[in-house]
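A quick write-up on the structure given underneath.
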Amino acid sequence: MDRDSVEPQVEKLPGERARKQVADHHETAAPSTYVYEFVWDHTAPAAGPFCTDVDGNVLMDFTAHVGAAPLGYDNPTLRERLDEFDLTDPTKIAGQDFYAASGPPGDAPIPGPADLMDRLVDVSDHYGMDTVFLSNSGAEAVENAIKISYDHTAGKYAITFEGAFHGRTLGALSLNRSKEVYRRRFPEISAVHDVPFCTDRTCDPGSCGCGFFVEDGSRLRRMLGPGGYVNPEEVAYVIVEPVQGEGGYRFPSDAFVAELAAVVDDHDLLLVADEIQSGMGRTGTFWASDHYPFDPDVIAAAKALRVGATIASEDVFPDAESRLSSTWGAGDLLACAQGAITIDVIREQGLTGNARERGRQFRETFDGGSAVTDVRGKGLMLAVEFDTKTRRDDVMDAAFARGLLTLGCGRKTLRVLPPLDVTEREIDLGASLLGAAVDAAS
Ligand SMILES: Cc1ncc(COP(=O)(O)O)c(C=O)c1O
Numbered sequence: 266m267d268r269d270s271v272e273p274q275v276e277k278l279p280g281e282r283a284r285k286q287v288a289d290h291h292e293t294a295a296p297s298t299y300v301y302e303f304v305w306d307h308t309a310p311a312a313g314p315f316c317t318d319v320d321g322n323v324l325m326d327f328t329a330h331v332g333a334a335p336l337g338y339d340n341p342t343l344r345e346r347l348d349e350f351d352l353t354d355p356t357k358i359a360g361q362d363f364y365a366a367s368g369p370p371g372d373a374p375i376p377g378p379a380d381l382m383d384r385l386v387d388v389s390d391h392y393g394m395d396t397v398f399l400s401n402s403g404a405e406a407v408e409n410a411i412k413i414s415y416d417h418t419a420g421k422y423a424i425t426f427e428g429a430f431h432g433r434t435l436g437a438l439s440l441n442r443s444k445e446v447y448r449r450r451f452p453e454i455s456a457v458h459d460v461p462f463c464t465d466r467t468c469d470p471g472s473c474g475c476g477f478f479v480e481d482g483s484r485l486r487r488m489l490g491p492g493g494y495v496n497p498e499e500v501a502y503v504i505v506e507p508v509q510g511e512g513g514y515r516f517p518s519d520a521f522v523a524e525l526a527a528v529v530d531d532h533d534l535l536l537v538a539d540e541i542q543s544g545m546g547r548t549g550t551f552w553a554s555d556h557y558p559f560d561p562d563v564i565a566a567a568k569a570l571r572v573g574a575t576i577a578s579e580d581v582f583p584d585a586e587s588r589l590s591s592t593w594g595a596g597d598l599l600a601c602a603q604g605a606i607t608i609d610v611i612r613e614q615g616l617t618g619n620a621r622e623r624g625r626q627f628r629e630t631f632d633g634g635s636a637v638t639d640v641r642g643k644g645l646m647l648a649v650e651f652d653t654k655t656r657r658d659d660v661m662d663a664a665f666a667r668g669l670l671t672l673g674c675g676r677k678t679l680r681v682l683p684p685l686d687v688t689e690r691e692i693d694l695g696a697s698l699l700g701a702a703v704d705a706a707s
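Be aware that the sequence shown starts at 266, since it is given in the numbering used here, and climbs by one per residue.
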C-alpha cells in the first residue's frame, strides 16, 4: 500500500465477512459490549490511517482506535524497532512489581517497565513528577490515582465535573457524570461532589452559560468557601479531564481553567488530571494539561500508552509495601515496549507539532455547512458538532459508506482522531470525505 496515494475503496460496507465476524464475536461477547461494523484484516496492507478490512475494502481510519493507536497502522518506526528485538518470549510478563524484566533504563535489550517509567517521568517532570505506578487500563490508572490521593491527603471528599468520564471500575465510575448507564445500580464511593464543566470554550464569568461561574466567583469556589458545604481541608482530590472525551469533546475556556487553577491553589487541593484520552501528544502538547495554567499533582494515562500509568511525585505515593500492586502491571514486554517506543516516536518525529499543524488545517478546511454548529479541537483531538443527534448519526453512517471511520461522543458530536503523523494530503482527503458525508446526510 502506497501511503502517499492510497484512497478509500469501498465495495460494500459492512461486507459479508465483516457481518459474519461481528455476529460470531457477539456469540460469546458480553451483550453490553459493542464492536464497530468494520473488521480490519491484520494480514492485509495498511499504512498510517489506511487499512484493509476482511472484505477487501480500503478504509481511512480517523478514530485511531479511540486514541489507543496514536501512530496509526503499521507504523514503520514502531515495526522496525520491534523487529530489532531478539525475544525469547515476547509475551513474557513485563513484571514491574515482582520481577525486573529488563535492565536499567537505556541498557535493556528491549525497553521494559524501567524504560517506560523513565520516559513517563521525562515528559512529566515539569510538574515535579518523578514516580510511576504501571497498570493495564485507563480505569486502573484512575483507580490508583484516587487511591494514592485518598491516602496522601487523608481527605474524604472528591470533586468531579458534570460530563466527566473516568472509567468503569467501581471507584472510577463513581466519578462519572456523563451517561447514567455507567453508574446505574452500581455501588459507589461516597462523598463525591460535582460542579459544572465549561461548555463554551469562549466563555468568561460574564457570558458563562454552563452554571460554573456565579456572581461571587464560581460554584467550585462557593462550595469550598466560607458558608460552603465542603470543608476544603477534607477534600482528597479534584479530578478533571483537561478536555472532556466521552462527555462530548468539551474544551474548557481560558476563564474556566484559570478559575480552577486559582481555587486549587488557594485551598492547596490535590489535582488529578485524567489524560487517558487527551494525553500522549493528542492535543498538540504531550499532556493536554500543558495548555493550561494548572499543574496537576497526579496524571492518569493509558490508551495510547498501551498500558495504564499513574504518575506523581514520590511523596504522593504510599510507602507501605503492597499498598499498590498488579500482577500484570505494565502488561507484557511487547505492550510495555510499544508504550516506550510510542513516546520515542512522538518526541523524535515532532508529532506534537504535526498534531497542531494538521489540526489547524482540518479546522480551517472542513466545511460542513449549516448542519454543523461547531468545529473545535486542540491538535488532533477534533470534534464536529451537529444540530441534532440524528444528523450526527446519519453523517457517521454516510462517512462509513465512503470508507471513513469516525466516532461519536456526547449527544450530537462526532470525534475526528487521525493518527498523530497524519499528512496534509490525508487531512484534505478526510475533510472532503466528511464534507461529502454531511451533504449526503442532509
Ligand atoms: C478520560 C478517560 N478516562 C478513563 C477511561 C477508561 O479507560 P479504559 O477503557 O482503558 O479503562 C477512558 C476510556 O475511554 C477515558 O476516555
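We put the CB at the ideal spot given by N, CA and C, even for glycine.
These figures come from a predicted structure and were not determined experimentally.
query, result
"Drop a sphere of 10 angstroms on the beta-carbon of Phe-430, count the other beta-carbons inside from all chains shown, and report buried for 16 or more, exposed for fewer.", "buried"
"Taking 7 angstroms as the line, does the beta carbon of Val-331 fall inside it for any heavy atom of ligand 1?", "yes"
"Could you have a look at Ile-606 and say whether DSSP puts it in helix, strand or coil?", "helix"
"For the alpha helix (DSSP H) containing Val-503, list its first residue and its last residue.", "First-last for Val-503: 500 to 505, but that is the beta strand (DSSP E), not the alpha helix (DSSP H)."
"Is the beta carbon of Tyr-415 sitting closer than 8 angstroms to the one on Ala-523?", "no"
"Which one of Arg-625, Thr-548, Ala-574 has the shortest CA to CA distance from Trp-593?", "Ala-574"
"Would you tell me roughly how many angstroms separate the C-alpha atoms of Ile-541 and Leu-385, rounded to the nearest one?", "13 angstroms"
"Going by the beta-carbon positions, is the gap between Ser-707 and Ala-648 smaller than 8 angstroms?", "no"
"For Gly-675, which option in Pro-491, Pro-296, Asp-652 has the closest C-alpha, if you only look at C-alpha atoms?", "Asp-652"
"Given 7 angstroms as the limit, tell me if Phe-516 has its C-beta closer than that to any heavy atom belonging to ligand 1.", "no"
"Could you spell out the range, first to last residue, of the beta strand (DSSP E) harbouring Ile-375?", "Counting along the chain, Ile-375 falls outside any beta strand (DSSP E), and DSSP gives it neither H nor E."
"Spatial neighbours of Cys-316 within its chain, please: CB distance less than 7 angstroms, with the 5 preceding and 5 following residues excluded, ordered by chain position.", "Trp-305, Leu-324, Asp-326, Tyr-338"
"Is there a Cβ from chain C that is less than 8 angstroms from the Cβ of Ala-295?", "In summary, chain C is missing from the structure at hand, where a single protein chain is found."
"Cα-Cα, which of Arg-515, Asp-320, Ser-389 is closest to Glu-276?", "Asp-320"
"Going straight from the alpha carbon of Met-382 to that of Ala-312, what length do you get?", "29 angstroms"
"With distances taken from CA atoms, which of Ser-591, Arg-657, Asp-693, Asp-560 is nearest Ala-577?", "Asp-560"
"Taking 7 angstroms as the line, does the beta carbon of Glu-511 fall inside it for any heavy atom of ligand 1?", "yes"
"When every heavy atom of ligand 1 is checked, does at least one fall within less than 7 angstroms of the C-beta of Ala-404?", "yes"
"List the whole-angstrom C-beta distance separating Leu-685 from Gly-546, where the pair is believed to meet the contact cut-off of C-beta under 8 angstroms.", "5 angstroms"
"Report buried or exposed for Asp-318, applying the criterion of at least 16 other Cβ atoms within 10 angstroms of its Cβ.", "buried"
"Cα-Cα, which of Asp-465, Asp-533, Ser-590 is closest to Ser-400?", "Ser-590"
"What's the gap between the Cα of Asp-555 and the Cα of Ser-439?", "26 angstroms"
"In the DSSP assignment, find the unbroken beta strand (DSSP E) run with Ile-692 in it and report its ends.", "No beta strand (DSSP E) holds Ile-692; the alpha helix (DSSP H) holding it covers 689 to 706."
"What is the DSSP secondary structure of Glu-453, counted as helix, strand or coil?", "coil"
"Please return the same chain residues whose Cβ sits closer than 6 angstroms to the Cβ of Val-446, not counting the five positions on each side in sequence.", "none"
"Return helix, strand or coil for Val-681, following the three-state DSSP convention.", "strand"
"In this structure, does DSSP put Cys-463 in helix, strand or coil?", "coil"
"Just the C-alpha distance for Leu-525 and Leu-485, rounded to the nearest angstrom, thanks.", "8 angstroms"
"Smallest Cα separation from Val-407: which of Asn-441, Glu-691, Phe-665, Gln-614?", "Asn-441"
"To the nearest angstrom, how far is it from the Cα of Phe-426 to the Cα of Leu-694?", "36 angstroms"
"For Gly-615 and Lys-643, which I take to be in contact (beta-carbon distance under 8 angstroms), what is that distance rounded to the nearest angstrom?", "Contact doesn't hold; Cβ gap of about 17 angstroms is too wide."
"Mind listing, in chain order, the continuous beta strand (DSSP E) runs of no fewer than 3 residues lying wholly within the stretch 502 to 572?", "536 to 539, 563 to 566"
"Among Leu-570, Ser-389, Thr-607, Phe-582, which residue has its Cα nearest to the Cα of Ala-419?", "Phe-582"
"So, helix, strand or coil for Ala-585, using DSSP?", "coil"
"Nearest by alpha-carbon distance to Asp-533: which of Glu-498, Ile-454, Gly-604, Tyr-514 is it?", "Glu-498"
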